[in-house]
Amino acid sequence: GESVGLHLPTLSVQEGDNSIINCAYSNSASDYFIWYKQESGKGPQFIIDIRSNMDKRQGQRVTVLLNKTVKHLSLQIAATQPGDSAVYFCAAQKGGGNKLTFGTGTQLKVEL
Amino acid sequence: ETGVTQSPTHLIKTRGQQVTLRCSSQSGHNTVSWYQQALGQGPQFIFQYYREEENGRGNFPPRFSGLQFPNYSSELNVNALELDDSALYLCASSLGSPGRVETQYFGPGTRLLVL
């Protein structure tokens, strides 16, 4: 089965700096990947996704990079703000499948 | 906001009891998935419903069951509650079709505490 893991349980950054959160997955058949942000007491909020036919996708202040060779993806947040403080999860899904497999999450703390 | 709503927001039950959690999907979405999130962990897939039929199940015992209604709202039922069932239960809706992966949008969750 699939397993997804994040490299660091906690990441502290200064306000205005860039943040990079890394994630590894195990199943080479996974072809859809999503980053979610979860604030305390709330459900996961979609940030950005990427399909396996791409290696980079950009959104507003966020970029996801996918390296299929080493089964690794990362989330980059530019100019990190206090409102970015949350737990970030990466999730993987196999094509035609129905379930998302989540990692354990990285707590992002933004210091003023 | 995703447009996915869940009720109740919080619930306290005792061991052995039964519970029903409810989810209303985002407008236009025909697929609903349920996840269990223990404290400090990522969500774990319980099962998915597509057009009122179960469409895949995770590693959860049969006492976890579900329903999807013609309006695509959904219920999660858990019988014979155990202490380890204490968790945040999340539903996610998506616009599904066979063999196609679509983004899942989550509701705020129901926090269940089993005493």
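These protein sequence lines map, in sequence, to chains A and B.
Following the working numbering, the numbering of the first sequence begins with -1 at its first residue and continues without gaps.
Following the working numbering, the numbering of the second sequence begins with -5 at its first residue and continues without gaps.
Built from N, CA and C at the ideal position, the CB exists for glycine as well.
(message) Would you say D47(A) lies against chain B (beta-carbon separation less than 8 Å)?
(response) Residue mapping note: residue 47(A) aligns to position 49 of the first sequence, counting from 1. So yes, D47(A) belongs to the interface.
(message) Could you tell me the alpha carbon to alpha carbon distance between N16(A) and T(-4)(B), rounded to whole angstroms?
(response) Locating residue 16(A) in the first sequence gives position 18, counting from the first residue. Locating residue -4(B) in the second sequence gives position 2, counting from the first residue. Rounded to the nearest angstrom, the two C-alpha atoms are 27 Å apart.
(request) Pull up the distance between the alpha-carbon of T61(A) and that of Q0(B), whole angstroms please. (result) Sequence index remark: in the first sequence, residue 61(A) carries index 63 (1-based). Sequence index remark: in the second sequence, residue 0(B) carries index 6 (1-based). Near 31 Å, if we compare the C-alpha coordinates of Q0(B) and T61(A).
(request) Answer with yes or no whether the minimum CB distance from Q91(A) to chain E is below 8 Å. (result) In the structure shown, chain E cannot be found, because the protein chains are A and B.
(request) Check whether the Cβ of Y30(A) lies closer than 8 Å to any Cβ atom in chain B. (result) What you label residue 30(A) is simply residue 32 of the first sequence in a count that begins at 1. With 8 Å as the cut-off, Y30(A) counts as an interface residue toward chain B.
(request) Below 8 Å on the Cβ atoms is my guess for G34(B) versus F41(B); work out the distance and round it to an integer in Å. (result) Residue mapping note: residue 34(B) aligns to position 40 of the second sequence, counting from 1. Residue mapping note: residue 41(B) aligns to position 47 of the second sequence, counting from 1. That belief does not hold up - the Cβ atoms of G34(B) and F41(B) are roughly 23 Å apart, past 8 Å.
(message) Within 8 Å of any Cβ in chain B, is that where the Cβ of L98(A) sits?
(response) Here residue 98(A) corresponds to residue number 100 of the first sequence, with the count starting at 1. Yes, because at least one Cβ of chain B sits closer than 8 Å to the Cβ of L98(A).
(message) Judging by CA-CA distance, which residue of E69(B), N65(B), G52(B), P37(B) is the nearest neighbour of F100(A)?
(response) Mapped onto the first sequence, residue 100(A) falls at position 102. Ranking E69(B), N65(B), G52(B), P37(B) by Cα distance to F100(A) puts P37(B) first.
(request) Can you give me the start and stop residues for the beta strand (DSSP E) that Y66(B) sits inside? (result) For the purposes of this step, residue 66(B) is taken as residue 72 along the second sequence, with counting starting at 1. Neither: Y66(B) is in no beta strand (DSSP E) and is coded neither H nor E.
(request) My understanding is that V26(B) touches V72(B), with C-beta atoms under 8 Å, so please give their C-beta distance in whole angstroms. (result) On the second sequence, residue 26(B) is found 32 positions in, with the first residue counted as 1. On the second sequence, residue 72(B) is found 78 positions in, with the first residue counted as 1. That pair is no contact at about 16 Å.
(message) Please identify the residue among V11(A), Y23(A), I75(A) whose C-alpha is closest to the C-alpha of T67(A).
(response) As a first step, residue 67(A) must be located in the first sequence, where it is residue number 69. Relative to the Cα of T67(A), the nearest Cα in the group V11(A), Y23(A), I75(A) belongs to Y23(A).
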